[in-house]
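Numbering (the numbering used here), first residue to last: 5 to 250. Beta carbons are placed, not taken as given, at the ideal position from N, Cα and C, and that holds for glycine.
Shown next as structure tokens:
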């Protein structure tokens, strides 16, 4: 699962990167929706949000971008990942219908609790748009059970306590927690936060159904424009090779 911020550094670069990621072996794309206070993100992704905000991209622009991507690729799942304010500003009915029309497969709203989200997620679920849920190392078993009963698509397990892009993964702890998750859901479990290269990916690949790579890709998107394509290809090749090795 590859994560980049929509509109970072601009819409056409995002579109090119999406196609490049799929060509390199990415199976699911998470598109970050730019927000002024992305509290769960580390410095790399915060900078990506800042660059996207400078490009003046809106949620509607991102929905149109997905529609354009769908003209060439109608198979790769697209998940929109962001914060509640942005989605609520558009309204659940308008968002859900426009998202469906443009080929969005799911949403992951970082600061949306189960209790607060009922009204919003009812609309998306009606149209078959998955609601991806986060589970953290600190989430209690009773809470995990509730989250799993409400989630669809996949469960996103946060492999680190803290913010995205942090440094070390406790493989044993991740293995234990994912084992607990497996007993409570038949949904795929993907692991994210802290996976930045093939070596880290190889540590956790057998524990889950997928891994999410974000910060390192967002750093590449913030580099020199004429080097983005080359750098992105190299990084995705490194990750894909690590995951395909038995």
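Notebook entry, point to check: Of the residues 102, 89 and 145, which one's Cα is nearest the Cα of residue 116?
Noted result: Closest in alpha carbon position to residue 116, among 102, 89 and 145, is 89.
Check: Taking the alpha-carbon positions, what's the residue 124 to residue 191 distance?
Finding: The straight-line gap from Cα to Cα measures roughly 21 Å.
Next item on the list: Give the straight-line distance between the Cα atoms of residue 228 and residue 20, rounded to the nearest whole angstrom.
Entry: Taking the straight line joining both Cα atoms gives about 15 Å.
Check: Which stretch, first to last residue, makes up the alpha helix (DSSP H) that contains residue 27?
Finding: Counting along the chain, the unbroken alpha helix (DSSP H) around residue 27 starts and ends at 15-28.
Checklist line | Range of the contiguous alpha helix (DSSP H) that encloses residue 158 | finding: It is not in any alpha helix (DSSP H) - residue 158 carries neither H nor E in the DSSP assignment.
Margin query: Distance check for residue 141 and residue 174, CA to CA, integer angstroms please.
Written below: The straight-line gap from Cα to Cα measures roughly 10 Å.
Next item on the list: Would you kindly report the start and end of the unbroken alpha helix (DSSP H) that includes residue 207?
Entry: Residues 202-208.
Notebook entry, point to check: When DSSP labels each residue in this structure, what does residue 188 get in the three-state scheme?
Noted result: Of the three classes helix, strand and coil, the one that applies to residue 188 here is helix, per DSSP.
Margin query: Check whether the region 209-225 and the region 191-200 are in contact - that is, three or more C-beta pairs closer than 8 Å.
Written below: Yes, since at least three Cβ pairs between the region 209-225 and the region 191-200 fall closer than 8 Å, the two stretches touch.
Notebook entry, point to check: For residue 186, which of 149, 55 and 24 has the nearest alpha-carbon?
Noted result: The option with the nearest alpha carbon to residue 186 is 149.
Checklist line | The beta strand (DSSP E) enclosing residue 194, as first and last residue numbers | finding: Counting along the chain, the beta strand (DSSP E) containing residue 194 begins and ends at 193-196.
Notebook entry, point to check: Using the beta-carbon count (16 or more within 10 Å), is residue 63 buried or exposed?
Noted result: Classification of residue 63: buried, given that the 10 Å Cβ count is 16 or more.
Checklist line | Beta carbon of residue 8 nearer than 9 Å to that of residue 218 | finding: Contact annotation: residue 8 and residue 218 have beta-carbon atoms nearer than 9 Å.
Note to self: If I follow the unbroken alpha helix (DSSP H) through residue 6, where does it start and stop?
What the structure shows: For residue 6, there is no enclosing alpha helix (DSSP H); the residue is part of the beta strand (DSSP E) that begins and ends at 6-9.
Check: Whole-angstrom Cβ separation of residue 101 and residue 67, contact assumed at under 8 Å?
Finding: With a Cβ gap of about 10 Å, residue 101 and residue 67 do not count as contacting.
Check: With DSSP run on the structure shown, which of helix, strand or coil describes residue 43?
Finding: The answer is coil: DSSP assigns residue 43 none of H, G, I, E or B.
Next item on the list: Please name the residue, chosen from 110, 205 and 220, that lies closest to residue 163 on a Cα-to-Cα basis.
Entry: Residue 205 holds the alpha-carbon nearest to the alpha-carbon of residue 163 among 110, 205 and 220.
Notebook entry, point to check: Around the C-beta of residue 137, are 16 or more other C-beta atoms found within 10 angstroms, so that it is buried, or is it exposed?
Noted result: Buried is the call here.
Notebook entry, point to check: Within the chosen definition, does the region 26-33 reach the region 233-240 through at least 3 CB pairs nearer than 8 Å?
Noted result: Verdict: yes, contact present.
Note to self: Going by C-alpha to C-alpha distance, which of 246, 207, 223 and 244 sits closest to residue 235?
What the structure shows: With distances taken between Cα atoms, residue 235 lies closest to 223.
Item checked: Nearest-angstrom Cα separation, counted from residue 245 out to residue 4 -> No answer is possible for residue 4: it lies beyond the span of the chain, which begins at 5 and ends at 250.
Checklist line | Nearest candidate by alpha-carbon position, reference residue 135, set 156, 144 and 121 | finding: Minimum Cα-Cα distance from residue 135 among the listed residues 156, 144 and 121 corresponds to 156.
Check: In its own chain, which residues sit with a C-beta less than 8 Å from the C-beta of residue 288, not counting the 5 before and 5 after it?
Finding: For residue 288 there is no data in the structure shown, the boundaries of the chain being 5 and 250.
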